[in-house]
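Each remark here refers to the structure printed beneath this line.
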Amino acid sequence: MSDPGRSSRKRILIIDDQEPTRYVFRHSLSRAGFEIDEAVNGSDGLAKALTEPDLIICDVNLPDMLGYDVCRRLKSNPVTLSIPVLQISASFVSDESKVQALEGGADSYLTQPVEPMVLIAQVNSLLRLRRAESVANLSARQWQTTFDSLSDGVVLLNSEHVIVRTNRTLRDLLGLVPSDTDGKALAGIFYEKFGISFDEFLQQHGEGIPVELPCANRWFRLRQNVIESDPQAEDGSVLLITDITAHRKLQETLKFNERLAATGRLAHVIAHEINNPLEAMSNLLFLAERSSEDSSETRVYVEQASKELLRISQITKQVLAYHRESREPIPTRADEILENVLTMYRSHIMGSKVTLETRVRCSGEILVRPGELRQVFGNVIANALDAIGSNGGVLRIRCFNTTDQRTQQEGVRFIFSDSGSGVPEEMIPNIFDAFFTTKGAEGSGVGLWLSMDLIKKHGGYIRVRSRLKGPYRGTLFAVFLPLHSQ
């Protein structure tokens, strides 16, 4: 490399065995502000070229070798490769000589005699080209470094979906090397890594829409965007690949924690439900033991105790069913899921000064994982009871068959509305965001985010409306799920 501390004047090496020629060039170029170094033959010139002058002027007819050979050696050496070479000759003036010089790596060719103004102009032109090339090379290195430093994997594709370039992150994420990617069709790599064809991926998912796909033991988010310079022609596309394995693990952890929290919220409800019949059984068995009457009275006590025991058994089955999970979605009656949740919460609702109004008219089957849907409904009901508070209020729950006006899908709509304090309008857009809560330190901000995720997974959606005052104060959640036949 050139010494950064040397003079800013450009240094030119003249390789010529003729002292008069060197004198003329030295005189003209020195007056133009250049520093001059000289060599009298090819070997001397190659040695001095290692000091990296800014430009080399080389005669063709040298005593130890031809200037063509000098130029080829300069261009084959990484140290001197980028130095511009101007070849000059008084004897090799034919077009063939010029062609041989240029094909040997010379950047320009002049024949003697050369006017000083022409020489200086040619030198300045070659130096400008070198500066432009240096800037371009620096920009290319900066771009490549930036490209490789991106945290996302990037694939540049042409219009035929052939890989033009990939960054280092992409290759590290998928365990590839440059020879596996550049110039190869993406289809083979895509199917090998993600298990679906790239054409299928494009057909199923629109441009710019993030899609999460597994690869080995990791998860990736993929997004494809078309590059268009001409609206009538596709110039290629960019595929972004982000490793979201840690994010997915965090999501699963949050979901598991939320299920534990939901179980905890039900614990006191279950304890209350079971405690009542247990107390009744205890009293009845005590009376049966102490009874001095005939066996018929004792038999009545025992029969009543058996009924209470059956009641405990039913409650236990409901609890187990509430948290039982299905690996795959199964056709399930919508009203049965809702009634199961209401059974778990009804006594707690009544004991909280809350009036429960229900209207269940949804007998259709929906394709769901029942445990996940019960978790959603339980979370919405728990939030409604928190919003109503200890002063009491009204919780209205409805379920009916309907048709979604936007998609014309037949489905079931579940409505949960309370007369609680309501949610401020500015908070509504964020209410389904992870870790966003209106309960302050008492809320985790996970329940509604998880509910939204579960409903979307079942092909439905959840909407919310809220008012802070007036006769219709409170919050309403509407859940739509398509029928199994859809």
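Sequential numbering of the sequence shown, starting at 1, is according to full-length UniProt numbering. Where is the CB? At the ideal position from N, CA and C, for every residue including glycine.
Taking the alpha-carbon positions, what's the Ser125 to Gln203 distance? Whole-angstrom Cα-Cα distance: 53 Å.
Residue from Glu365, Val162 and Val123 with nearest C-alpha to Leu86: The alpha carbon of Leu86 has as its nearest neighbour, out of Glu365, Val162 and Val123, the alpha carbon of Val123.
Counted within 10 angstroms of its Cβ, other Cβ atoms place Tyr68 as buried (16 or more) or exposed: Counting Cβ neighbours within 10 Å, Tyr68 comes out buried, since at least 16 surround it.
Cβ-based burial, Gly45 [other Cβ within 10 Å; buried from 16]: Burial call: buried.
Classify Pro4 as helix, strand or coil using the three-state DSSP reduction. Annotation note: pLDDT 46 at Pro4 (below 50); position unreliable, coordinate value reported separately. In this structure, Pro4 counts as coil in the three-state DSSP scheme.
Anticipated Cβ contact below 8 Å, Arg467 with Arg473, distance rounded: Beta-carbon to beta-carbon, Arg467 and Arg473 are separated by about 5 Å, close enough to satisfy the 8 Å threshold.
Please classify Asp243: does DSSP put it in a helix, a strand, or coil? Strand, per DSSP.
Assumed close pair residue 504, Ile15 - CB separation to whole angstroms, cut-off 8 Å: As shown, the chain starts at 1 and ends at 486. That puts residue 504 outside it, with no answer to give.
Segments assigned beta strand (DSSP E), at least 3 residues, entirely inside the stretch 127-172: DSSP assignment within the stretch 127-172 yields the following whole beta strand (DSSP E) runs of 3 residues or more, N-terminal first: 153-157 and 163-166.
Counting beta carbon pairs with one atom in the stretch 363-372 and one in the stretch 475-486, are three or more of them shorter than 8 Å? Under the Cβ criterion (8 Å, minimum of three pairs), the stretch 475-486 counts as touching the stretch 363-372.
Spatial distance of Met427 from Asp433 (CA atoms): Between Met427 and Asp433, the C-alpha separation is close to 10 Å.
Give the secondary structure of Cys215 by DSSP, where H, G and I count as helix, E and B as strand, and everything else as coil. In the structure shown, Cys215 falls within a strand segment according to DSSP collapsed to helix, strand and coil.
Answer yes if the stretch 443-457 comes into contact with the stretch 397-411, meaning at least three C-beta pairs across the two stretches below 8 Å, and no otherwise. With the cut-off at 8 Å, the stretch 397-411 and the stretch 443-457 do not touch.
Best match in Lys184, Leu173, Asp182 and Gly183 for proximity to Leu222 [C-alpha to C-alpha]: Here the closest residue by C-alpha is Leu173.
Rounded straight-line distance, which links the Cα of Ser76 to that of Ala101: The straight-line gap from Cα to Cα measures roughly 15 Å.
Would you say Leu156 and Arg165 are within 8 Å of each other, going by their C-beta atoms? With contacts defined by Cβ atoms closer than 8 Å, Leu156 and Arg165 form a contacting pair.
Per-residue DSSP class, three states only, for Leu481: Looking at Leu481 - three-state DSSP - the assignment turns out to be strand.
Whole angstroms are fine: how far does the CA of His247 sit from the CA of Thr253? In a straight line, the C-alpha of Thr253 is about 10 Å away from that of His247.
Taking the C-alpha atoms as reference points, what is the distance between Leu476 and Gly420? Rounded to whole angstroms, Leu476 to Gly420 spans 10 Å at the Cα level.
Runs of alpha helix (DSSP H) lying entirely within the stretch 352-401, each at least 4 residues, in chain order: Fully enclosed alpha helix (DSSP H) runs of 4 or longer: 370-388.
Kindly list the residues whose CB is nearer than 7 Å to the CB of Asp3, restricted to its own chain and excluding five residues on each side of it in sequence; keep chain order. Low local confidence applies: a pLDDT of 49 at Asp3 is under 50, so the model's placement there is unreliable, with the coordinate-based value given in what follows. Excluding residues within five positions, none has a Cβ falling inside 7 Å.
Take Thr51 as the anchor and find which of Thr403, Asp59 and Ile36 has the nearest alpha-carbon. Closest option to Thr51, Cα to Cα, is Ile36.
Assuming Tyr109 is part of the beta strand (DSSP E), what are its boundary residues? Taken as a continuous stretch (DSSP letters only), the beta strand (DSSP E) holding Tyr109 covers Ser108 to Thr111.
Could you have a look at Thr438 and say whether DSSP puts it in helix, strand or coil? Residue state for Thr438 is assigned as coil, using DSSP reduced to three classes.
Any contact between the stretch 378-385 and the stretch 339-356? By contact I mean 3 or more CB pairs, one from each, below 8 Å. Yes, the stretch 378-385 touches the stretch 339-356.
Skipping 5 residues on each side, what residues in its chain have a beta carbon closer than 8 Å to that of Val354? Leu385, Ile388, Gly392, Gly393, Val394 and Leu395, listed in sequence order.
Cutting at 8 Å between CB atoms, please list the residues of its own chain near Met1, excluding the five before and the five after it. Unreliable placement is indicated for Met1, whose pLDDT of 45 sits below 50; the coordinate value is still reported in the next sentence. For Met1, the CB contacts under 8 Å within the same chain, skipping 5 residues up- and downstream, are Glu52 in chain order.
May I ask you to report which of helix, strand or coil DSSP gives Pro331? DSSP places Pro331 in strand when its eight states are reduced to three.
Beta carbon of Gly42, beta carbon of Leu74: below 8 Å? Result no, Cβ atoms of Gly42 and Leu74 do not sit closer than 8 Å.
Cα-Cα separation between Phe400 and Leu356, rounded to whole angstroms: Straight through space, the alpha carbons of Leu356 and Phe400 are spaced by roughly 17 Å.
Assuming Ser237 and Gln251 are in contact, meaning their beta carbons sit under 8 Å apart, how far apart are those beta carbons, in whole angstroms? About 29 Å; that fails the 8 Å criterion.
Candidates Lys10, Ile227, Gly351 and Ala140: which alpha carbon is nearest Glu160's? Considering only Lys10, Ile227, Gly351 and Ala140, the residue with the shortest C-alpha distance to Glu160 is Ile227.
Span of the alpha helix (DSSP H) holding Gly447? Unbroken alpha helix (DSSP H) run through Gly447: Gly447 to Lys457.
Identify, in the order they occur along the chain, each residue of the same chain with its Cβ nearer than 8 Å to the Cβ of Leu127, setting aside the five sequence neighbours on each side. Excluding its 5 nearest sequence neighbours in each direction, Leu127 has C-beta neighbours in its own chain below 8 Å: Lys10, Asp54, Leu55 and Pro84, listed in chain order.
Excluding the 5 residues preceding and the 5 following Met65 in the sequence, name in chain order all residues of the same chain whose CB lies nearer than 6 Å to its CB. Answer for Met65: Gly42, listed in chain order.
Report the CB separation of residue 518 from Ser28 in whole angstroms; it is logged as a contact under 8 Å. Here the chain covers residues 1 to 486 and nothing more, so residue 518 does not appear.
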